[in-house]
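Residue numbers (the UniProt record's numbering): 1 to 166. In this text, a Cβ means the ideal position worked out from N, Cα and C, and glycines have one as well. In this text, all values refer to a predicted model and were calculated from it rather than measured experimentally. Below is one structure, written out as C-alpha cells, with a few remarks after it.
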Amino acid sequence: MYANQPATGVPVGSTNQQYHMQQPAGKVPWSTGLCDCGSDVSNCCITCWCPCITFGQIAEIVDQGSTSCGASGALYTLIGIFTGCACIYSCFYRQRMRSQYMLEDRPCNDCCLHFCCETCALCQEYRELKNRGFDMALGWDANMEKLHQQAMQMSVPPVVEDGMNR
1 MYANQPATGV
11 PVGSTNQQYH
21 MQQPAGKVPW
31 STGLCDCGSD
41 VSNCCITCWC
51 PCITFGQIAE
61 IVDQGSTSCG
71 ASGALYTLIG
81 IFTGCACIYS
91 CFYRQRMRSQ
101 YMLEDRPCND
111 CCLHFCCETC
121 ALCQEYRELK
131 NRGFDMALGW
141 DANMEKLHQQ
151 AMQMSVPPVV
161 EDGMNR
C-alpha cells in the first residue's frame, strides 16, 4: 500500500548519531626544536657572537613594529652589561611570542629556558618567526609592505585581450 507512493515530509536520520563537539584549538608545537640551531647556521653564529642582533629582530616582529630592532637590541645589551643577565628581558618576549602564536611552553618555563640556554632559545624564536613567513632582515614595516604587495598581486585579475583571436 505504501510502497508505490512518493515520500512526503522530512527524512529523519538515525537517533543514535553521535555529535562530536569541536575542541577549542590548543597550544601548537614549535616548528623547530630547541636544539635545532644547526638548521640555520648563519643565525646560530650571529646569535652566539652578538645575541643583541637576533633579539632585536625578534622583538621588532613580536612588538609589531612599535620598537625598532636597534632600540630593542641596545636595551638588551645594556641590561646584559649592568645586570649580567639579559635573559631577564628576553624571556618576556618569548612569553609574548608564545601568547601571540599559541605556542607550547616546552621544554620548560620561558625564563628558565632563557636563563639556562639563551642562545638556543633566541635561535628557536628566530626560526619560528622565519618559518611563519617573516623575512627577519626586513623588520616589521617592510614585512607588512611585502605582505600588502603580495595581497595586491593576488587580487588583480589577469589581463584579457579584446576580441577573438585565432
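Of the candidates Glu145, Met152, Trp30, Leu138, the residue whose Cα lies closest to the Cα of Thr54 is Leu138. Distance from Tyr89 to Ile79 at the Cβ level is roughly 5 Å; contact confirmed, criterion being Cβ atoms closer than 8 Å.
Cβ neighbours of Tyr93 within its own chain (closer than 7 Å, five residues either side excluded): Ile58, Ala59, Val62. Per the coordinates, the alpha-carbon of Gly84 lies some 38 Å from the alpha-carbon of Lys146. Distance check between Pro51 and each of Ser39, Leu34, Tyr76, Gly65 places Tyr76 closest, using alpha-carbon atoms only. Judged by DSSP secondary structure, Leu78 falls within the alpha helix (DSSP H) whose first and last residues are 69 to 83.
At a Cβ-Cβ threshold of 9 Å, Trp49 and Leu103 do not count as neighbours.
Taking the CA atoms as reference points, Asn43 sits about 26 Å from Gln150. The beta carbon of Thr32 is closer than 8 Å to those of Ser39, Gln124, Arg127, Glu128, Asn131 in its chain, skipping five residues each way along the sequence. Bridge pairing for Val28: Leu103 [DSSP].
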